[in-house]
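Each residue of the sequence shown is one higher than the one before, counting from -4 in this note's numbering.
The beta carbon of each residue, even a glycine, is placed where N, CA and C say it ideally should be.
Okay, structure first, notes after.
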Amino acid sequence: MALALVLGRRELGRAWPNPAVGAVVVRDDGAGPVIVGRGWTQAGGRPHAETEALRRAGALARGATLYVTLEPCCHHGLTPPCTDAIIAAGISRVVSAIEDPNPKVAGAGHWRMAEAGIVVDVGTGREEARKAHAGHFRRVRDNRPHVTLKLAVSADGKAGLAGRRPAAITGEAARERVHRLRAINDAILIGIGTALSDDPLLTCRLPGMEERSPVRAVLDANLRLPPGSRLAQTAARTLVWVYTSESAPAERERVLTDRGVEVLRVPTSAPGRLDLGRVLNALAARGITRLMVEGGPTVAAAFLAADLVDGAALFRSPTRIGAGGIDALEGTPLETLTRSPRLALIGTETVGPDTIEFFARTEG
């Protein structure tokens, strides 16, 4: 199961709208267990991990055990049910880490295989599988992606220079770590303030990883994203989705769509402020399961205030910016994150001179 979990993580960030599942086929003909097939959900969500592992195992799957990180599907979608393929392959035992909360599955996959005479064991690696499939679970249960907030702060808790000017807070090793985090998320989100001040690309720029760049989403209630921005200029190569208000100017939308940007209109919660819950619902409707919020202090504080943060990566630098710098969270102390009753510190990591603190939601 540990190997299946590792295999599933290969396509985190690229398997959406489906969960990134891993599967391993093992047989024992008396001389000890031998792995005869490995599979993981392919980019775009199909083929599924189970059918990939069975394809590689071939005839050796008959009488073997299948280890899989999520309950196999039992319904017809764009592909036939994995349970049918498992039964047809002659698998004798299935070890499944966790039930799929999808109402179309929800235990029926396990039941279908048991009815066919397959021994089904459920629960091995359950907690690790729950973490691996957190995005899928959140999308099914709450109609939104799993949200990870990424913040970079100086030693004195600042996120930028006076006048909202950007600052290189962390070192090169930490920036490389950010690119790796981007690669395992389906989409990355910023606010229009960050888009205007930083003109970011938001892609994965480590060698060989550009194709793993996530969808780039921008909160832009009044459609102020410049058509000459790096986001708009690269929209034909890497997806850019701009979320705007229902009253934003149609002419600005036409200019952006001509560049390849997709403009999506959502309700506002206050004048000039998009309803974050509706934005997340809209992302989930498009298949996004894992979202990294990399916006500035205003967006970060808004997500925390709305209780929409499921995890956080807090990059701490040993350098100081000074009293004139911008606070990491607009209008609220950094302790809103670090001492939140809803988020617990689960680990730290040293990257060059910087430190990353990882937080996770304590419930739900």
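Residue burial classification, N217 (beta-carbon count within 10 angstroms, cutoff 16): Answer is exposed; the Cβ neighbour count stays below 16.
Spatial distance of F298 from G155 (CA atoms): Within the model, the alpha-carbon separation for F298 versus G155 is close to 19 angstroms.
A296 beta carbon near the ligand FMN (any heavy atom closer than 6 angstroms): This structure lacks the ligand FMN, and indeed carries no ligand of any kind.
Through-space distance from A182 to S240, alpha-carbon basis: The straight-line gap from Cα to Cα measures roughly 20 angstroms.
Residue from P67, S192 and D302 whose Cα sits closest to the Cα of T46: Per the Cα distances, P67.
CA-to-CA distance, P12 to A212, given in whole angstroms: Those two C-alpha atoms are separated by around 16 angstroms.
Spatial neighbours of A15 in its chain, beta-carbon cut-off 6 angstroms, leaving aside the 5 residues before and after: Counting only Cβ-Cβ distances below 6 angstroms, and skipping sequence neighbours, we find G3, E6, L7 and T36.
DSSP-derived helix/strand/coil call for L259: Residue state, collapsed to three classes: strand.
Backbone secondary structure at M108 - three-state DSSP: If DSSP states are grouped into helix, strand and coil, M108 belongs with the helices.
Assigned secondary structure, P140 (DSSP; H/G/I helix, E/B strand, else coil): Reduced to three states, the DSSP call for P140 is coil.
Three CB pairs or more closer than 8 angstroms across the region 299 to 313 and the region 331 to 339: Cβ pair count under 8 angstroms is three or more, so yes.
DSSP state of G102 mapped onto helix, strand, coil: In the three-state reduction of the DSSP assignment, G102 falls in the coil class.
V378 vs P28 beta-carbon contact at 7 angstroms: Any property of residue 378 remains undetermined from this structure, which presents the chain solely from -4 to 359.
For D79, the first and last residue of its enclosing alpha helix (DSSP H): Its alpha helix (DSSP H) spans residues C77 to A84.
Expected contact under 8 angstroms - CB spacing of L303 and L275 to nearest Å: Between L275 and L303 the Cβ distance is about 7 angstroms, and since that is below 8 angstroms, they are a contact.
Helix, strand or coil at I321 [DSSP, three-state]: Under the three-state reduction of DSSP output, I321 falls in the strand class.
Where E110 falls, given that 16 or more other Cβ within 10 Å makes a residue buried: Exposed, since its Cβ has fewer than 16 Cβ neighbours within 10 Å.
Cross-strand partners of P407 (DSSP beta bridge): With the chain represented from -4 up to 359, any question about residue 407 goes unanswered, as that position is not in the structure.
7 angstroms Cβ cutoff met for V346 and A168: Between V346 and A168, the CB-CB gap stays under 7 angstroms.
Rounded distance between the beta-carbons of A38 and V63, thought under 8 angstroms: The distance from the Cβ of V63 to that of A38 is about 19 angstroms, inconsistent with a contact at the 8 angstroms cut-off.
CA nearest to the CA of V288, picked from V142, P262, F353 and G255: Checked all of V142, P262, F353 and G255; the closest Cα to V288 is V142.
Buried or exposed by the 16-neighbour rule on C-beta atoms within 10 Å, applied to H105: H105 comes out buried.
The region 115 to 127 / the region 89 to 106 touching (three or more Cβ pairs under 8 angstroms): Contact between the region 115 to 127 and the region 89 to 106 is established, with three or more Cβ pairs separated by less than 8 angstroms.
Whole-angstrom distance between V31 and A48, CA atom to CA atom: Using only the alpha carbons, I get a separation of about 8 angstroms.
Where E122 sits in the DSSP three-state scheme: Look at E122 here: in three-state DSSP terms it is helix.
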